[in-house]
Amino acid sequence: TPTSRYDADLTAELRTQFPHASVETIGAGGDIDIAMPFGAAWAAPLCVASAQVRGVVWSHNLGLNVDDPFSGQSTLSRVVSGVKLYPVAS
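In this note's numbering, the protein residues as written are 1 to 90.
Right, dumping it as structure tokens:
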């Protein structure tokens with residue numbers, strides 16, 4: 001893909017700058033080797049979902065309330081009021 005060389009360069013740079021951090025790639029030939037037969041458009045949700053699951057596990061391991069990590073601190077709210085969902089036009 002057009003971005004695969006950039007992705008490889010970015011991964012190498014992250015591994016160099018943060019040698020003790022876990023840096024994993026997802027996709028064909030990656031650390032998590034999964035075929036992406038439908039291209040990058042389908043890869044993005046998979047990568048985002050993986051990152052979110054890892055974030056939940058990390059928060060849980062730190063003893064944070066996964067649903068409200070800033071509970072009692074009055075510093076941040078993830079709740080947005082007045083959100084309306086509209087049908088997708090075909």
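No residue lacks a Cβ here, since even glycine has one placed at the ideal position from N, Cα and C.
Residue i and residue j closer than 8 Å at C-beta
i, j, result
"V48", "V56", "no"
Beta-carbon proximity list for residue i, same chain, < 7 Å, skipping 5 on both sides
i, result
"E24", "D31 and I32"
Residue i Cβ short of 7 Å to the ligand FMN heavy atom set
i, result
"S90", "The ligand content of the structure shown is nil, which means the ligand FMN is not present either."
Neighbourhood of residue i by C-beta distance below 8 Å, restricted to the same chain and skipping five residues each side
i, result
"W42", "M36"
"R28", "Inspection of the sequence shows that residue 28 is occupied by Ala rather than by Arg. The residues are I34, A35 and M36."
Supposed close pair residue i, residue j - CB separation, criterion 8 Å
i, j, result
"I26", "S50", "6 Å"
Residues of its chain near residue i, where Cβ-Cβ distance is below 6 Å and the 5 sequence neighbours each way are ignored
i, result
"R15", "V23"
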